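Colleague:
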Amino acid sequence: MADGSAAVRFEGDFTDCYGLDGVSEDVVHTVTRGTPGFHAWQQPHWLVHCQDAAAFVGEVGHAELSAHPEALDRLRADMRRDGRHDDEQLEDFLTHLGGDATALLFRCTVCGIHLAYADAA
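The opening residue of the sequence shown carries number 25 in this note's numbering; numbering runs sequentially from there.
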């Protein structure tokens, strides 16, 4: 799979290129054709940092996400930017991750910072 031969054999990609903005075509090819995808309730997308695709760590709830405060802070900022301006409701949503909503956690392969986005049913 990692060398892309499975994608060639089955004439398909394993994950979508959604989210892979600003990375090289080689990185897009590696992620879409040589990396296993992951399940998400909404359209899954790959996170990017340091101009490279981050490594998918897994689906996490609030307790696991709290171990990576930089990811939690960035998720909070992204959600505010996307329209969640009520701090109380935002914090309530974040503290209940792991049920009908989860966070998808990634780690930058260049600098090691963790990133996340929320996914809900």
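Glycine is no exception: its CB is placed at the ideal position from the N, C-alpha and C atoms. For clarity, every value in this text was computed on a predicted model and none was experimentally measured.
#1: Please return the same chain residues whose Cβ sits closer than 8 Å to the Cβ of Ala78, not counting the five positions on each side in sequence.
#2: How is Thr59 classed by DSSP in three states: helix, strand or coil?
#3: Out of Met103, Pro60, Ala95, which has the shortest C-alpha to C-alpha gap to Gly136?
#4: Kindly indicate which three-state DSSP category Asp45 falls into: helix, strand or coil?
#5: Alpha carbons only, please: which of Gln75, Ala142, Leu89 is nearest the one belonging to Leu44?
#6: Candidates Pro93, Phe62, Arg98, Asp97: which alpha carbon is nearest Val81's?
#7: Which one of His86, Leu99, Gln113, Ala91 has the shortest CA to CA distance from Gly122?
#8: How many Å lie between Tyr141 and Glu88 at the Cα?
#9: In whole angstroms, give me the CA-to-CA distance for Ala30 and Glu115.
#10: Pull up the CB-CB distance for Ala125 and Ala144, whole angstroms please, since I reckon it's below 8 Å.
#11: Helix, strand or coil for Ala31, going by three-state DSSP, please let me know.
#12: Tell me the DSSP secondary structure of Leu71 in three-state form.
Modeller: Taking the structure as given:
#1: Trp70, Leu71, Val72, Phe130, Arg131, Cys132, Thr133, Leu139
#2: coil
#3: Ala95
#4: coil
#5: Gln75
#6: Phe62
#7: His86
#8: 13 Å
#9: Low confidence applies here, because Ala30 scores a pLDDT of 48, under 50, leaving its location unreliable; read the following figure in that light. Their Cα atoms are separated by approximately 42 Å.
#10: 4 Å
#11: Because Ala31 sits at a pLDDT of 44, beneath the cut-off of 50, its placement in the model cannot be relied upon, and the following sentence gives the value as read from the coordinates. If DSSP states are grouped into helix, strand and coil, Ala31 belongs with the helices.
#12: coil
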